[in-house]
Structures are given as C-alpha cells and as structure tokens.
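> One structure, as structure tokens, below. Some questions next.
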Amino acid sequence: MKTRNVIIIGSGPAGYTAALYASRANLEPLVIEGHEPGGQLTTTTDVENFPGFPEGVMGPDLMTNMKKQAQRFGTEFLTTHVKDVDLSKRPFSLKCENGDEFLADTLIISTGASAKYLGLENEKELIGKGVSACATCDGFFYRDKVVHVVGGGDTAMEEASFLTKFASKVYVVHRRDTLRASKPMQERCLKNPKIEFVWNSEVKEIVHDETGVTGIKVFNSETNDTNLRETDGLFMGIGHSPNTGFLKGQIDTDKAGYIIPTNAPHPDTNVPGVFACGDVQDSYYRQAISAAGSGCMAAIRAERFLEDSE
Ligand code: NDP
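Note that the working numbering has the sequence shown beginning at 7, numbered continuously upward.
Given below as structure tokens:
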C-alpha cells in the first residue's frame with residue numbers, strides 16, 4: 007500500500023486550509039472529510055467575522071470555496087469517517103468506515119467538535135421529530151410553531167435569532183439569570199419581540215406523542231417548581247464536544263477530550279508526526295479564522311517534519 011505524505015482527517019476551515027497549504031507544497035494530501043463535509047460552518051448562515059468579506063459570507067459558500075481552492079492544487083477528498091487509527095508506529099495506519107485503509111507519514115487531525123445534547127432519556131430518538139441541534143438545518147420545519155432553545159451562549163442566541171424567521175414564538179431556556187453570550191448577540195435576542203427568556207430553568211424531560219415533541223418539563227431553581235411547557239421543537243444550544251473518540255486514547259487530550267498541543271505555538275501533539283488544528287484542539291477561540299490559521303500552521307509543520315525526517 008502506498009504511504010501518503012499527509013492525510014488530513016476532518017474538513018472545516020482548519021482541514022481545508024491545511025489541505026491548501028499541503029497541496030501547494032506538493033505533498034498531495036488526502037482529506038478524509040467525515041460525513042459532514044465542511045463541518046460546523048455548513049450549518050450556519052451569515053459569517054460576518056471572516057476577514058476579506060466586508061458584506062459577510064454564507065458559511066456553506068465559504069466552505070465550498072475553501073474546498074475548491076485546495077482542490078485546485080491537487081488535494082484529494084474522500085467522504086467517509088475514520089473509525090480506527092494506529093499511531094504506535096510510522097507510517098500511521100487508518101481504517102475508514104467504507105472499508106478503505108491508508109498509510110501516512112504525517113497526520114493532521116482537524117475533526118472539530120459536535121453539538122452537545124442534554125443527555126435526556128429520549129432526546130436522541132426524537133432527533134428529527136422535534137429535537138434538533140441545528141436551527142439552520144431544521145428551522146424551516148417550524149413555520150408558525152412554538153420552539154424552545156436551551157443554553158445561554160452565542161450558539162443559543164444564534165439558534166434563537168434564526169428560528170424567529172420561522173417560528174411564531176421562541177423561548178430560550180437558560181439555567182442561570184445571566185447570559186454567557188457576547189454582548190451584541192445578547193442584545194439582538196433581548197430586543198427581539200419574538201424571543202422570550204425562561205431564566206433559572208433546566209429542561210428535565212421531553213414530552214412527546216407518536217408525532218413527535220409536544221412539550222418539555224422545566225425545573226425552576228428559584229421556585230423549585232417543575233412546569234410543563236408546550237412546544238413543537240427543542241433546539242440544543244449548549245456548546246460542543248471535540249470529535250476525538252476515534253483516537254481511542256492514542257493522543258493526549260484534556261478531560262473534555264480536546265487534543266493538548268504539546269509544543270505551543272506549534273500545533274504538535276505528543277505523537278511526533280501527528281498535528282492537530284481547529285476546534286478539536288481549541289475550546290477557547292473556536293473561530294473559523296483561528297481554525298484556518300491553525301490549519302495553515304499544521305500543514306507547514308507537517309512539511310518541515312517530512313523534510314527533517316528525510
Ligand atoms: P458556550 O460554552 O459559550 O455556552 C454554552 C451555554 O450552554 C452556556 O450558557 C451554558 O450555561 C449552557 N449549558 C452548557 N451545558 C448545559 C447543560 N447541560 N444544561 C443547560 N445548559 C447548559 O458554547 P457556545 O457553543 O454557545 O459558544 C462556544 C464558542 O463559540 C464561544 O466562544 C462563542 O462565542 C463562539 N460562537 C460564536 C458565534 C458567532 O460569533 N456567530 C456563534 C456560536 C458560537 P452556563 O452559561 O450556565 O455555563
């Protein structure tokens with residue numbers, strides 16, 4: 007089996023930028039994109055803070071263009087998941103869900119992070135039947151309906167704002183009485199007449215019938231009451247967790263599963279030849295531009311690693 011110079015696991019701004027740099031350095035990279043090519047930005051609408059777009063850019067368009075740019079210099083793409091890796095020796099070996107196997111001298115991990123769910127008993131079975139973690143994907147189905155969004159950060163505010171385009175009423179259920187979201191996002195929601203906040207409150211149960219979600223039981227920590235609130239939809243806006251499960255402990259991560267950079271500012275991991283970029287190693291900035299920047303660094307680092315090991 008041919009050993010590749012570099013395989014990039016995961017798409018999104020980090021993976022595509024790593025691919026752009028690696029392909030321009032003639033490393034002929036392969037990007038294994040996962041099942042959601044383009045990553046989290048493909049589920050968002052306007053991105054107003056990616057430099058170079060004074061009028062903003064749609065998330066999916068930004069990702070399509072990044073991919074095309076990497077393709078132009080010879081990057082190969084494969085839409086499958088990596089299910090197993092062996093990082094104990096070089097070349098590293100990878101097994102994919104579609105049965106493909108690969109060897110690579112260096113690996114760049116840019117698998118990002120996925121939306122968190124509350125962990126309620128039936129929430130996963132109700133995905134698509136009233137439970138969602140993506141307003142952009144599913145908001146359309148809630149025209150003139152009542153929805154609840156859980157969370158108090160920017161994700162929750164973004165979900166809530168977006169849902170007002172469709173829903174008749176959007177309630178934001180937050181476990182405290184102050185928001186974590188940035189000021190502009192807070193203000194946008196607080197002054198939106200379609201959005202109402204349900205403070206000091208936790209969703210304890212999802213009520214449903216055969217058609218899907220009909221309500222939620224919400225505990226108020228100030229009054230100690232639990233109330234049934236009727237709703238057609240429940241959107242998760244409580245943050246993300248890193249996609250590192252497939253590494254099965256072969257790379258050092260923190261308690262939450264984020265890969266720990268071992269040689270900052272370089273995107274090195276504790277395994278020589280394996281580099282990490284984007285949200286999979288960043289629980290702090292989590293921005294498209296910082297992910298793209300770290301993808302550039304990972305590719306340059308992989309290139310120099312290959313030169314040094316020749
Ligand atoms: P955050 O971690 O910032 O916020 C998560 C929110 O969910 C918090 O309010 C938290 O409550 C609440 N929460 C977490 N777990 C639970 C739970 N089990 N039950 C109830 N509530 C819970 O995550 P975000 O995804 O909102 O944002 C992450 C980063 O991404 C931030 O840096 C943000 O700025 C950025 N971002 C930027 C956007 C933009 O600029 N357009 C859009 C989306 C995200 P508590 O506050 O009590 O901890």
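No residue lacks a Cβ here, since even glycine has one placed at the ideal position from N, Cα and C.
Source: prediction; values computed, not measured.
So does the region 238 to 245 actually touch the region 76 to 88, counting three or more Cβ pairs closer than 8 Å?
With a cut-off of 8 Å, the region 76 to 88 and the region 238 to 245 do not count as touching, because too few Cβ pairs lie within range.
> Taking 7 Å as the cut-off, is the CB of Thr161 close to at least one heavy atom of ligand 1?
What you label residue 161 is simply residue 155 of the sequence shown in a count that begins at 1. Checking every heavy atom of ligand 1 against the Cβ of Thr161, one is found closer than 7 Å.
> If distances are taken between C-alpha atoms only, which option among Lys223, Lys151 and Thr268 comes closest to Asp288?
Counting from 1 along the sequence shown, the entry for residue 288 is found at position 282. Comparing Cα positions, the closest option is Thr268.
> Hey, is Arg182 close to ligand 1, as in C-beta under 7 Å from one of its heavy atoms?
Position 176 of the sequence shown holds residue 182. Within the cutoff, so yes.
> Where does Tyr148 fall in DSSP's three states?
In the sequence shown, residue 148 corresponds to position 142, counting from 1. Helix.
> Any heavy atom of ligand 1 closer than 7 Å to the beta-carbon of Val156?
Residue mapping note: residue 156 aligns to position 150 of the sequence shown, counting from 1. Under cutoff, so the answer is yes.
> Tell me whether Ser2 is buried or exposed, calling it buried when 16 or more other Cβ atoms sit within 10 Å of its Cβ.
Lying before the first or after the last residue shown, residue 2 is absent from the chain, which here runs from 7 to 316.
> Examine ligand 1 and report whether any of its heavy atoms sits within less than 7 Å of the Cβ of Asn55.
Here residue 55 corresponds to residue number 49 of the sequence shown, with the count starting at 1. Yes, since a heavy atom of ligand 1 falls inside the 7 Å radius drawn around the Cβ of Asn55.
> Taking the alpha-carbon of Arg10 as reference, which of Gly158, Asp285, Lys74 and Phe98 has the nearest alpha-carbon?
In the sequence shown, residue 10 corresponds to position 4, counting from 1. It is Phe98.
> Return the first residue and the last residue of the beta strand (DSSP E) that Ile14 is part of.
The count along the sequence shown starts at 1 and reaches residue 14 at position 8. Taken as a continuous stretch (DSSP letters only), the beta strand (DSSP E) holding Ile14 covers Thr9 to Ile15.
> Under DSSP, the beta strand (DSSP E) around Phe225 begins and ends at which residues?
In the sequence shown, the residue the question calls residue 225 occupies position 219. From DSSP, the beta strand (DSSP E) with Phe225 extends over Gly218 to Asn226.
> Comparing alpha-carbon positions, which option in Glu316, Ser120, Val137 and Phe146 lies nearest Val156?
Taking the sequence shown and counting its residues from 1, the one referred to as residue 156 is at position 150. Measuring from the Cα of Val156, the nearest candidate turns out to be Val137.
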